[in-house]
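All the letters of the sequence shown, read from the start, carry residue numbers 7 to 135 under this note's numbering.
From the three backbone atoms N, C-alpha and C, an ideal C-beta is built for every residue, glycine too.
No experiment lies behind these values; they were computed from the predicted model shown.
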Amino acid sequence: MSTAPLTHLDTHVVLWLYDGEAKLLSAAARAAIEAGRLEISPMVELEIQYLVEIGRFRDTPDQVIGTLTRDFGLSVSSAPFPRIIASARELRWTRDAFDRLITAQAMHEGALLVTRDRRIRDNFAGAVW
């Protein structure tokens with residue numbers, strides 16, 4: 007078993023990595039990605055699908071996740087959804103369902119969460135930017 011820290015990625019981080027835009031990441035975010043076992047919440051897949059549907063992103067979640075799995079060893083969390091929902095119900099600092107569930111997933115798994123999102127960083131000690 008790897009001793010690398012479990013590190014979750016927020017949606018925008020996933021899309022930047024997919025697009026080859028790692029330069030948009032902070033030094034701390036890059037270091038966490040390089041050192042970590044990378045994982046995402048299934049909610050990241052759904053958020054990418056929403057972005058495709060509204061014309062803000064071009065490639066499917068399967069294309070994005072497949073590429074990052076191959077290139078970075080990314081995996082999708084299989085933590086039980088009812089437990090994630092229970093954790094998310096306690097996160098009252100946002101009404102954004104994606105942010106709430108992505109953060110809850112990282113919290114539930116004791117993972118870091120690489121995110122540029124200021125609200126998440128202000129409310130989750132495990133957030134890295």
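What do you reckon, are the CB atoms on residue i and residue j nearer than 8 Å?
i: Val20; j: Leu74; result: yes
i: Glu45; j: Ser83; result: yes
i: His14; j: Leu118; result: yes
i: Asp16; j: Asp102; result: no
i: Phe78; j: Leu23; result: yes
i: Thr100; j: Arg125; result: yes
i: Ile71; j: Leu80; result: yes
In its own chain, which residues sit with a C-beta less than 7 Å from the C-beta of residue i, not counting the 5 before and 5 after it?
i: Arg127; result: Thr121, Ala133 and Trp135
i: Ala41; result: Ala10 and Pro11
i: Ala94; result: Arg106, Leu107 and Ala110
i: Ala85; result: Gln111, His114 and Glu115
Excluding the 5 residues preceding and the 5 following residue i in the sequence, name in chain order all residues of the same chain whose CB lies nearer than 6 Å to its CB.
i: Phe130; result: Thr109
i: Met49; result: Phe104, Leu107 and Ile108
i: Leu30; result: Trp22
i: Glu96; result: none
i: Glu51; result: Pro67
Starting from residue i and walking both ways along the beta strand (DSSP E), at which residues does that stretch end?
i: Ile60; result: Premise fails: Ile60 is in no beta strand (DSSP E) and is neither H nor E.
i: Thr9; result: First-last for Thr9: undefined, no H or E at that position.
If you measure from the beta carbon of residue i to each beta carbon in chain D, is any gap under 8 Å?
i: Ile108; result: Considering every chain present, this structure includes no chain D. It has just one protein chain.
Along the chain, where does the alpha helix (DSSP H) that runs through residue i open and close?
i: Trp22; result: Thr17 to Tyr24
i: Phe78; result: Pro67 to Phe78
Kindly confirm or deny that the stretch 81 to 97 and the stretch 110 to 117 touch, where touching means at least three C-beta pairs closer than 8 Å.
-> Judged by pairs of C-beta atoms under 8 Å, the stretch 81 to 97 touches the stretch 110 to 117, as three or more such pairs exist.
Within the chosen definition, does the stretch 31 to 43 reach the stretch 58 to 71 through at least 3 CB pairs nearer than 8 Å?
-> No, the stretch 31 to 43 is not in contact with the stretch 58 to 71.
Could I get the ranges of all uninterrupted beta strand (DSSP E) runs contained in the stretch 89 to 127, with 3 residues as the minimum, in chain order?
-> The qualifying runs are 118 to 120.
Taking only runs that begin and end inside the stretch 28 to 61, name each unbroken alpha helix (DSSP H) of 4 or more residues, in chain order.
-> The alpha helix (DSSP H) runs of length 4 or more contained entirely in the stretch 28 to 61 are, from start to end of the chain, 33 to 41 and 48 to 59.
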